[in-house]
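**Student:** Protein chains in written order, with this note's numbering: chain A, 1 to 144; chain B, 145 to 532.
Heads up, the beta-carbon is just placed ideally off N, CA and C, and yes, glycines get one too.
Okay, here's the structure, questions in a sec.
Structure (structure tokens):
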């Protein structure tokens, strides 16, 4: 069984003015993060206020799109849009910029799933004006 | 200000049924409310404070207060922290009573997730984080599975150790005539049950049940006039644990803060506790909580539970003697109310015979609402026997 290999649904996120720029960038294949201009913290999830220092001076910047698995689970019981999609892999990925973000691991064999696994972002079109940032195992340059 | 000894739990009632077709949610709230005030030797017309959470139908506390005919209210609180709400309510009621704001507080929980299957309340599309979590398909079980996996990674916790928690709960449940799953199970049976979200099996999960419960918290001068033995509220701590700007750590719970606050207020330590009701939405919830409350060293919870420590009546930390959410009842997916109720039974000497802790003077009840995988709220109560 390869839980991270199948096609997953890509339900569109609810986009609002505060997060529009993030989701527009995903549709273009770019992952943005926010950084606080006062304390320098990287902010996740993206929002107008810095939860570390309360500053409202937060700016977007391009993220590396790379990180490592903080935790993962092979879920055998999907709900809502995921009903019928099990098994699939839900995970927290710790981005190289620091934040641990909820996501799915894809294009992965069961045997390589592990905490600490190096991963890179891929984008799955939601059919709207956004794409979901998911992560696959980082491959050596020669095989990419 | 401290609430130590300034409020008593005088009434506690758990709905006897686990599937309740043909009734409304408000109706079941009324049944448990009547059960709790009768247990206290009071009536609904005595109630001057009402507490409820998100399971209560209608607008905050007002709809149910109106439905129940609570016409003498001078204090209401609809604090919503998921399954821990009712422990938070006991703490808030005790504080309000200690300040003279009210004298007789009613707390109710009820719902019908088996009979009515309502939509999940936790996935509000309006929540600011929703767009960054919900599209990836998180389910309740999978969020706890993420926590279990990380705890295993950092501390070497095993699935067999988690299973030992379910085994102890099932040993207790066999003595509870109302338990939904009264049959004792073995570690092997837990490990052989279907995998729901790796590494959590079906038998690592609590039951889903209709039902509910209610509590009556009163001022000491009221308690003195009542016919039944009451239970003293000695300490309370509550603490939301948030996703912390992407620095989420899945290996501990808010009990690391709520526990010490409650112990300090009560003036006792974990070693003093005779009985503990520990929130058990999943086996991993119990494991992390007993570590975080200081019943064992952080990371050593697996070894602690695997050697029978949780077994009543003679284990080091007899827990969830009603069978807990894992085997008895987890009404409306919210286990906090039943945690307090079983602690009250133990302190009154009214637990089921084979699991009654001898000479039980000091009990702890702990709840954790929300999700261990994202945002949660811990609440701890220290309760004491009336004469202790």
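1. Would you report the Cα separation of residue 239 of chain B and residue 529 of chain B, rounded to the nearest angstrom?
2. According to the neighbour-count rule (16 or more other Cβ atoms, all chains shown, within 10 Å of its Cβ), is residue 157 of chain A buried or exposed?
3. Whether or not the segment 118-137 of chain A and the segment 33-46 of chain A are in contact is what I'm after, with contact meaning three or more pairs of Cβ atoms, one per stretch, closer than 8 Å; do they touch?
4. Would you say residue 115 of chain A reaches chain B, if we count a Cβ-Cβ gap shorter than 8 Å as a contact?
5. Using CA atoms only, rank isn't needed, just tell me which of B:517, B:486, B:374 is closest to residue 390 of chain B.
6. My assumption, with CB atoms under 8 Å, is that residue 75 of chain A sits in contact with residue 88 of chain A. Please give the rounded CB distance.
7. Quick check: the Cα distance between residue 202 of chain B and residue 26 of chain A, rounded to an integer number of angstroms?
8. Any beta-carbon of chain A closer than 8 Å to the one on residue 476 of chain B?
9. So residue 292 of chain B packs on residue 364 of chain B, CB below 8 Å; how close in whole Å?
10. Spell out a yes or no on whether the segment 501-511 of chain B and the segment 348-367 of chain B are touching, meaning 3 or more CB-CB pairs, one atom from each, closer than 8 Å.
11. Would you give the residue range spanned by the beta strand (DSSP E) that residue 257 of chain B belongs to?
12. Check whether the Cβ of residue 52 of chain A lies closer than 8 Å to any Cβ atom in chain B.
13. Are the CB atoms of residue 541 of chain B and residue 424 of chain B nearer to each other than 8 Å?
14. Output, in chain order, the set of chain B residues within a Cβ distance shorter than 8 Å of residue 111 of chain A.
15. Can you tell me where the beta strand (DSSP E) holding residue 13 of chain A begins and where it ends?
16. With DSSP as the reference, label residue 176 of chain B as helix, strand or coil.
17. With a cut-off of 8 Å, does the C-beta of residue 13 of chain A fall near any C-beta of chain B?
18. Measuring CA to CA, which of B:223, B:157, B:273 is closest to residue 45 of chain A?
19. Going by DSSP in three states, residue 416 of chain B sits in which element: helix, strand or coil?
20. Can you list the residues of chain B that residue 60 of chain A reaches, using a CB-CB cut of under 7 Å?
21. Going by alpha carbons, who is nearest to residue 245 of chain B out of B:305, B:151, B:257, B:527?
22. How far does the beta strand (DSSP E) with residue 423 of chain B in it extend, from its first residue to its last?
23. Which same chain residues end up closer than 6 Å to residue 470 of chain B when comparing Cβ atoms and leaving out the 5 residues on each side of it in sequence?
24. Considering only C-alpha positions, which residue in the set B:488, B:247, B:498, B:392 is nearest to residue 183 of chain B?
25. Based on Cα-Cα distance, which residue from B:355, B:212, B:301 lies nearest to residue 164 of chain B?
26. Inspect the beta-carbon positions of residue 146 of chain B and residue 409 of chain B and report whether they are closer than 8 Å.
27. Could you tell me which of A:120, A:100, A:21 sits nearest to residue 58 of chain A, measuring between CA atoms?
28. State the Cα-Cα distance for the pair residue 496 of chain B and residue 325 of chain B, rounded to the nearest angstrom.
29. Please name the residue in B:186, B:385, B:532, B:357 whose C-alpha comes closest to that of residue 486 of chain B.
30. Would a check of beta-carbon distances place residue 394 of chain B closer than 8 Å to chain A?
31. So with CB distances below 7 Å, who are the chain D contacts of residue 98 of chain A?
32. Measure the C-alpha to C-alpha separation of residue 12 of chain A and residue 109 of chain A and round it to an integer number of angstroms.
33. Can you tell me the Cα-Cα spacing of residue 371 of chain B and residue 248 of chain B, whole angstroms?
34. Would residue 445 of chain B and residue 524 of chain B qualify as a contact pair, given that the criterion is a beta-carbon distance under 8 Å?
35. Establish whether the CB of residue 371 of chain B and some CB of chain A are separated by less than 8 Å.
36. What residues of chain A sit near residue 283 of chain B, judged by a beta carbon separation below 7 Å?
**Tutor:** Concretely, from the data shown:
1. The alpha-carbon of residue 239 of chain B is positioned some 19 Å away from that of residue 529 of chain B.
2. Lying before the first or after the last residue shown, residue 157 of chain A is absent from chain A, which here runs from 1 to 144.
3. For the pair of segments examined, the segment 33-46 of chain A was found not to touch the segment 118-137 of chain A: the number of CB pairs separated by less than 8 Å stays below three.
4. Interface residue (Cβ-Cβ distance to chain B less than 8 Å): residue 115 of chain A is classified as such.
5. When only C-alpha atoms are compared, the closest one is B:517.
6. Taking a contact as a CB-CB distance under 8 Å, the pair residue 75 of chain A and residue 88 of chain A counts as one, their CB atoms being some 6 Å apart.
7. Their backbone Cα atoms lie some 39 Å apart in a straight line.
8. By this cut-off, residue 476 of chain B is not an interface position.
9. That pair is no contact at about 43 Å.
10. At 8 Å Cβ cutoff, the stretches do not touch.
11. Counting along the chain, no beta strand (DSSP E) covers residue 257 of chain B; the unbroken alpha helix (DSSP H) around it starts and ends at 257-260.
12. Closer than 8 Å to some Cβ of chain B, the Cβ of residue 52 of chain A qualifies, so yes.
13. As shown, chain B starts at 145 and ends at 532. That puts residue 541 of chain B outside it, with no answer to give.
14. For residue 111 of chain A, no chain B residue has a Cβ inside 8 Å of its Cβ, as the nearest lies near 14 Å away.
15. Element bounds for residue 13 of chain A: n/a, residue is neither H nor E.
16. Residue 176 of chain B falls in the helix class under three-state DSSP.
17. Output row for residue 13 of chain A: interface = yes.
18. Ranking the options by Cα distance to residue 45 of chain A, first place goes to B:273.
19. Three-state DSSP puts residue 416 of chain B in a helix.
20. Chain B residues near residue 60 of chain A: none, gap ~15 Å exceeds 7 Å.
21. Answer by Cα proximity: B:151.
22. For residue 423 of chain B, there is no enclosing beta strand (DSSP E), as DSSP marks it with neither H nor E.
23. Excluding residues up to 5 positions away in sequence, 310, 313, 350, 424 lie with their Cβ nearer than 6 Å to the Cβ of residue 470 of chain B in the same chain.
24. Residue B:488 is the option with its Cα nearest to residue 183 of chain B.
25. That would be B:355, whose Cα lies nearest to the Cα of residue 164 of chain B.
26. Yes; because the gap between Cβ atoms is below 8 Å, this pair is in contact.
27. If we check each option's Cα against that of residue 58 of chain A, A:21 comes out closest.
28. So the alpha carbons of these two residues sit roughly 16 Å apart.
29. Per the Cα distances, B:357.
30. Residue 394 of chain B counts as touching chain A.
31. Looking at the structure shown, chain D is missing, and the protein chains on hand are A and B.
32. In a straight line, the C-alpha of residue 12 of chain A is about 26 Å away from that of residue 109 of chain A.
33. Rounded to whole angstroms, residue 371 of chain B to residue 248 of chain B spans 15 Å at the Cα level.
34. For residue 445 of chain B and residue 524 of chain B, no; Cβs fall outside 8 Å.
35. Interface annotation, residue 371 of chain B: not in contact with chain A, CB-CB separation never under 8 Å.
36. Under the 7 Å cutoff, chain A gives 75, 77, 79.
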